[in-house]
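Notes for the one structure printed next.
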Amino acid sequence: MILTSEIERFIEEDLGANDISCTLVPEKEIKAIVFVKQDCIIAGIPIAKRIFDYFGLDSSAKYKDGDQLGSGDTILEISGNAVSVLRAERIVLNFLGHLSGIATNTREYVETVRQYSDVKVAGTRKTTPGIRKFEKLAIIAGGGDPHRFDLSDTIMIKDNHVNMMGLENAINSAKELAGFTQKIDVEVESVENAILAAKMGVDIIMFDNMSPGQVIKVVEALKNEDLRNSAILEVSGGIDISNISEYAKTGVDVISVGSLVHKSQWIDVSLEFV
Numbered sequence: 000m001i002l003t004s005e006i007e008r009f010i011e012e013d014l015g016a017n018d019i020s021c022t023l024v025p026e027k028e029i030k031a032i033v034f035v036k037q038d039c040i041i042a043g044i045p046i047a048k049r050i051f052d053y054f055g056l057d058s059s060a061k062y063k064d065g066d067q068l069g070s071g072d073t074i075l076e077i078s079g080n081a082v083s084v085l086r087a088e089r090i091v092l093n094f095l096g097h098l099s100g101i102a103t104n105t106r107e108y109v110e111t112v113r114q115y116s117d118v119k120v121a122g123t124r125k126t127t128p129g130i131r132k133f134e135k136l137a138i139i140a141g142g143g144d145p146h147r148f149d150l151s152d153t154i155m156i157k158d159n160h161v162n163m164m165g166l167e168n169a170i171n172s173a174k175e176l177a178g179f180t181q182k183i184d185v186e187v188e189s190v191e192n193a194i195l196a197a198k199m200g201v202d203i204i205m206f207d208n209m210s211p212g213q214v215i216k217v218v219e220a221l222k223n224e225d226l227r228n229s230a231i232l233e234v235s236g237g238i239d240i241s242n243i244s245e246y247a248k249t250g251v252d253v254i255s256v257g258s259l260v261h262k263s264q265w266i267d268v269s270l271e272f273v
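According to numbering that gives the first Met the number 0, the residues represented by the sequence shown are 0 to 273, in order.
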């Protein structure tokens with residue numbers, strides 16, 4: 000969902016105080032299409048429709064987020080005032096291009112992993128400030144898991160927490176403060192800490208910046224202690240399309256990948272009057 004206040008912020012940024020270029024065209028009713036110029040997984044259609052609606056434009060789409068589109072396919076058909084179409088154009092195209100790039104990139108990661116296992120491919124909080132929720136929805140459209148949307152979703156104990164408090168103290172403090180719906184996700188860098196976290200009953204154990212070989216050793220150690228199924232096992236750090244297949248073979252449950260967003264490439268999307 001995109002809020003009216005968000006749309007107005009984007010409009011203010013794009014139009015400025017003296018928009019002459021859009022008002023050059025006559026105030027007349029026109030029809031237009033938005034189409035892709037390359038194959039992609041589409042994302043951002045509900046946002047685009049909401050922006051067009053804000054400008055008083057009618058829009059329709061025969062596709063939904065997550066659909067595969069080919070070059071030249073029409074995403075949306077629009078009708079309404081020509082000036083309003085031009086004012087909505089760049090905001091809509093920016094969202095569709097950026098979010099479809101994330102969805103397309105995510106789908107590639109997911110399909111690569113599916114050749115080896117059914118492990119989840121998840122995002123991270125390495126997102127663009129101000130539009131995180133939209134980028135997370137694009138990950139979902141691509142078949143990935145959004146992971147936590149913000150710090151309140153899950154309590155994550157990271158290396159800095161451990162360095163300051165010690166792992167055991169950090170976990171105990173998290174348990175005392177956690178609401179009954181909040182899971183505790185602990186970042187570990189050693190077999191010993193993974194076993195300790197599992198024995199203390201955390202919900203998720205995240206192997207941080209470990210090689211695939213190191214991850215396999217930790218998973219085996221947890222199995223030997225009969226702790227493998229005591230927590231969700233997650234791996235993150237330094238993972239991209241070149242090595243994700245190796246992590247998919249390690250036996251973890253989740254692979255968290257920041258590059259779903261920060262290594263995605265925009266999809267070429269265009270609008271034309273018809």
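All residues carry an ideal CB built from backbone N, CA and C; glycine is no exception.
Host beta strand (DSSP E) of residue i (start-end)
i: Asn80; result: Thr73 to Asn80
i: Glu26; result: Element bounds for Glu26: n/a, residue is neither H nor E.
i: Leu232; result: Ile231 to Ser235
i: Leu274; result: This structure leaves residue 274 out entirely; the chain is present only between 0 and 273.
Proximal residues to residue i (C-beta, below 6 Å), its chain only, five neighbours per side dropped
i: Glu188; result: Asp207
i: Lys248; result: Tyr115
i: Val234; result: Phe206, Val214, Tyr246, Val251 and Ile254
i: Asn228; result: none
Reference residue i; option with closest CA among the options
i: Gln181; options: Met155, Ala197 and Ser116; result: Met155
i: Thr123; options: Met209, Gln114 and Ile138; result: Ile138
i: Lys125; options: Asp149, Ile50 and Met0; result: Asp149
i: Leu98; options: Asn192, Met209, Lys262 and Ile254; result: Lys262
i: Val218; options: Asp239, Ile243 and Asn192; result: Asn192
i: Asp52; options: Cys21, Val24 and Ile90; result: Ile90
i: Gln213; options: Gly250, Ile240 and Asn228; result: Gly250
i: Ala244; options: Gly15, Ser210, Gly55 and Glu224; result: Residue identity differs from the one stated: residue 244 is Ser in this sequence, not Ala. Nearest of Gly15, Ser210, Gly55 and Glu224 to Ser244, Cα basis: Ser210.
i: Met199; options: Arg86, Leu56, Asn171 and Glu107; result: Asn171
i: Val112; options: Glu88, Ile19 and Ile238; result: Ile238
i: Ile101; options: Leu270, Ile50, Val273 and Val260; result: Val260
i: Ile266; options: Ala197, Ala230, Ile254 and Phe94; result: Phe94
i: Arg8; options: Ser151, Ile130, Asp158 and Val256; result: Ile130
i: Asp66; options: Arg106, Ala81, Leu85 and Asn80; result: Arg106
i: Met0; options: His160, Val161, Asp152 and Glu134; result: Glu134
i: Asp152; options: Ile10, Ala177, Glu224 and Ala169; result: Ala177
i: Asn104; options: Glu28, Met164 and Asp38; result: Asp38
i: Glu12; options: Ile32, Ala87, Lys132 and Arg49; result: Ala87
Limits of the alpha helix (DSSP H) - the one that residue i falls within
i: Met164; result: Asp158 to Met164
i: Leu259; result: Ser258 to His261
i: Phe275; result: There is simply no residue 275 to check, as the chain begins at 0 and stops at 273 in what is shown.
i: Ala197; result: Val190 to Lys198
i: Ala60; result: First-last for Ala60: undefined, no H or E at that position.
i: Glu224; result: Element bounds for Glu224: n/a, residue is neither H nor E.
i: Ala247; result: Ile243 to Ala247
i: Ser4; result: Thr3 to Leu14
Buried versus exposed, by CB contacts within 10 Å (16 or more), residue i
i: Gly43; result: buried
i: Pro145; result: buried
i: Phe54; result: buried
i: Ala16; result: exposed
i: Arg147; result: buried
i: Leu2; result: exposed
i: Val118; result: buried
i: Lys61; result: exposed
i: Val109; result: buried
i: Gly142; result: buried
i: Gly96; result: buried
Integer-rounded CB distance, given that residue j should sit under 8 Å from residue i
i: Leu226; j: Ile194; result: 7 Å
i: Lys284; j: Ser78; result: In the structure as shown, the chain starts at 0 and stops at 273, and residue 284 therefore has no counterpart that could be examined.
i: Ile40; j: Ala121; result: No, Ile40 and Ala121 are not in contact; Cβ-Cβ is about 17 Å, not under 8 Å.
i: Val185; j: Ile215; result: Actually they are not in contact, since the Cβ atoms of Val185 and Ile215 sit about 19 Å apart, beyond 8 Å.
i: Ile32; j: Val273; result: 6 Å
Neighbourhood of residue i by C-beta, 7 Å cutoff - its chain only, sequence neighbours within 5 removed
i: Ala173; result: Ile154, Ile156 and Ile183
i: Asp72; result: Phe34 and Val35
i: Gly24; result: It is worth fixing the name first, because residue 24 is Val in this sequence and not Gly. For Val24, where only same-chain residues beyond five positions count, the Cβ hits under 7 Å are Ala81, Val82 and Leu85.
i: Ile240; result: Glu107, Tyr108 and Thr111
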